[in-house]
Amino acid sequence: MSTAASSQATQNISYADLYARWERGHWLATEIDFTQDRIDWQEKLTADERRAALWFFALFFHGEDEVADDLSPYVEAAPLEEQTYFLTTQQVDESRHSVFFSRFMHEVVGIGDGTAGSALESTEQYLTWGHRETFKNLKAVGQRLREDASPARFAEAITNYHIIVEGTLAQPGQHLMERWLENTGVLPGFLDGLRNVAIDEQRHIAFGMKTLADMYANDPEEIAQVVIDAIRNSGTYLMAFAYPKDGGSAFLSPLGIHLEELYADSMRSLTSRLRGIGLSESQRSKALTLNPELSFEEQGSMMMRLLDSGYVGDGSVPKSKKPEDLALLFDMMQNLIRANPPAVGTVVQFDFTDIGPRYYLQTADGLEYHENRHPSPSVSIKTSLDDLLDLLGERVSPVKLILSRRLWVSGDRGLLVGKRSVFGPPPEKSVVRHRNPVLARLGFS
Ligand SMILES: [Fe+2]
Ligand SMILES: [Fe+2]
């Protein structure tokens, strides 16, 4: 389906129908029978399967709890009555999902004292850095919407909630969990509940897409910018969302799931959502920092490599200096700049004190990458790779680096900040008030 047809199909969804589907689709989280699940958990699952499943389920349990808490500003800000009605049904759904996971944790795994609070507390240890950051961001987005219910803020919030959290992170993971349960036949009660959760989520995501597709049709430029900014702001969290603390893409393999596969599905899902909203190819490539010409499988394995190399994440993985990993990092950077091409002849120089110089040159034919020093760069950033990555990851302040003489910038700083920025223009007209993700981390905005 072309982008136009896909977006038209999304706009044709009706809020009344989504509401009606909710009325027809009732299910009871309190009545799911976990008798066989308890037996399976203890007797059929191996220790490795239990370890992987508990970790993965805990991410979902906490996610459900967070989204149930965070939806009220959306109900208040929705401009149409039909949207308000739907969002209140969604709020009930999210609470039901939390109850379902909470019951499973207590009655099957034996965690906590039967209250949701105790189950959440006992499973908090499993959360990843990316998970925490994602929901910290979602909370901040909801707070901004509370203060300013403008269309831009509403679109920003819906992008974060329905497109990123539900459509990109949750749904692909749920499908892989379902596949494991269907293939093995274990935990029938959990599978039953999970299928119901997935149907609910499908409705929520359809609502988010419909809302954004209508808003985009009405004001393509502003809404596209809001969506692009929202996705780029959460890009690194997205990648690290399902990356276990002790690393390794094999963590979920006892469940027959490979993290690369999960990431590939997430990228496939996100791309199709963006098409459904109506974003053009060039707008989509601005939102996604990886090369959009790569297959989703290649993007998935590239994300794993960025995480395994320590370039993305919480900073605990040692940063690789291997040439093949560095090539991947600079390729990603190149895509970032390619989406915001500077004037022909512009040279952005990175003078790395540890891995040697690199620069990007914009020619009439496109962006070139070179592993040496240009005689007359337009702008130079001198620092170490570790420091640059720590800046990007907000683990060190740029001021501290400058004062301790570990970061220098010379030349045309306008290429790093403001309208001409190669990392993307700053949020104009305060469409999205928060900072440009890369520049903010470099300390320039
Ligand atoms: Fe949910
Ligand atoms: Fe949901």
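When we follow this note's numbering, the leftmost residue of the sequence shown carries the number 49, and every step to the right adds one.
Using N, Cα and C, we set each Cβ at its ideal position, and we do this for glycine too.
Under the three-state DSSP convention, the category His74 falls into: Within the sequence shown, residue 74 is the residue found at index 26, counting from 1. The answer is coil: DSSP assigns His74 none of H, G, I, E or B.
Return the residue from the list Ser146, Phe149 and Ser120 that minimises the CA-CA distance to Leu135. In the sequence shown, residue 135 corresponds to position 87, counting from 1. Checking every option, the nearest Cα to that of Leu135 belongs to Ser120.
Is there at least one Cβ from chain C nearer than 8 Å to Glu329's Cβ? Chain labels in this structure do not include chain C; a single protein chain is all it has.
Three or more beta-carbon pairs under 8 Å between the segment 339–349 and the segment 276–285, yes or no? no
Going along the chain, which residues put their C-beta within less than 5 Å of some heavy atom in ligand 1? Glu112, Glu142 and His145
Taking the beta strand (DSSP E) that Val427 falls in, what are its first and last residues? Counted from its first residue, the sequence shown places residue 427 at position 379. Residues Val427 to Thr431.
Is the closest heavy atom of ligand 2 to the C-beta of Val156 under 7 Å? Along the sequence shown, one-based indexing puts residue 156 at 108. Not so, every heavy atom of ligand 2 lies at least 7 Å from the Cβ.
Cα-Cα separation between Lys187 and Asn208, rounded to whole angstroms: Reading the sequence shown from its first residue, position 139 is the one you call residue 187. Reading the sequence shown from its first residue, position 160 is the one you call residue 208. Computed Cα separation, rounded: 10 Å.
Below 8 Å between beta carbons: does that hold for Ala261 and Thr137? Within the sequence shown, numbered from 1, the residue matching residue 261 stands at position 213. Within the sequence shown, numbered from 1, the residue matching residue 137 stands at position 89. No, Cβ-Cβ distance for Ala261 and Thr137 is not below 8 Å.
At what residue ranges does the segment 255–287 contain a whole run of the alpha helix (DSSP H), taking only runs of 4 or more? 268–281
For Ser458, which three-state DSSP category applies? To locate residue 458, count along the sequence shown from 1; it is residue 410. Strand.
What residues in its chain sit with their C-beta under 6 Å from that of Ile271, if we drop five residues either side in the sequence? Taking the sequence shown and counting its residues from 1, the one referred to as residue 271 is at position 223. The residues are Ala203, Met263 and Tyr264.
Pick from Arg454, Gly363 and Asp399: whose alpha carbon is nearest that of Leu440? In the sequence shown, counting from the first residue as 1, residue 440 sits at position 392. Of Arg454, Gly363 and Asp399, the residue nearest in Cα terms is Gly363.
Tell me whether Glu214, by its Cβ, gets closer than 7 Å to a heavy atom of ligand 2. Here residue 214 corresponds to residue number 166 of the sequence shown, with the count starting at 1. Yes, the Cβ of Glu214 comes within 7 Å of a heavy atom of ligand 2.
Exposed or buried, which one is Asp196 when buried takes at least 16 other CB atoms within 10 Å? Position 148 of the sequence shown holds residue 196. Exposed, because fewer than 16 other Cβ atoms sit within 10 Å of the Cβ of Asp196.
Three-state class that DSSP yields for His418 in the structure shown: Translated into positions along the sequence shown, residue 418 becomes position 370. Correct three-state label for His418: strand.
Assigned exposure category for Gln90 - 16 Cβ within 10 Å defines buried: Translated into positions along the sequence shown, residue 90 becomes position 42. Exposed: under 16 other Cβ atoms inside 10 Å.
Thinking just about the alpha-carbon of each residue, which of Ile61, Asp85 and Lys430 is nearest to the one in Val234? Position 186 of the sequence shown, counting from 1, holds the residue named residue 234. It is Asp85.
Quick check on this structure: which residue in Gly158, Leu327, Val147 and Arg353 has the alpha carbon closest to the alpha carbon of Lys370? For this step, residue 370 is matched to residue 322 along the sequence shown. Selected option, being the one with the closest Cα: Arg353.
I want to know whether the segment 67–80 touches the segment 222–232 - three or more CB-CB distances under 8 Å. no
With DSSP as the reference, label Val234 as helix, strand or coil. For the purposes of this step, residue 234 is taken as the residue at position 186 of the sequence shown. The answer is coil: DSSP assigns Val234 none of H, G, I, E or B.
Going by Cα to Cα distance, which pick from Arg99, Leu463, Val360 and Ala412 is closest to Asp438? Looking up residue 438 in the sequence shown gives position 390. Asp438 has its Cα closest to that of Val360, out of Arg99, Leu463, Val360 and Ala412.
Can you tell me where the alpha helix (DSSP H) holding Gly165 begins and where it ends? Counting from 1 along the sequence shown, the entry for residue 165 is found at position 117. Counting along the chain, the alpha helix (DSSP H) containing Gly165 begins and ends at Ala164 to Thr171.
Using C-beta distances below 6 Å, list every residue in its chain close to Ala125, excluding the 5 sequence neighbours before and after it, in chain order. Taking the first residue of the sequence shown as 1, we reach residue 125 at position 77. So the qualifying residues of the chain are Leu193, Ala197 and Phe202.
Could you tell me the alpha carbon to alpha carbon distance between Val479 and Ala200, rounded to whole angstroms? In the sequence shown, counting from the first residue as 1, residue 479 sits at position 431. In the sequence shown, counting from the first residue as 1, residue 200 sits at position 152. Its pLDDT being 42, under 50, Val479 is placed unreliably by the model, and nothing is read from it.
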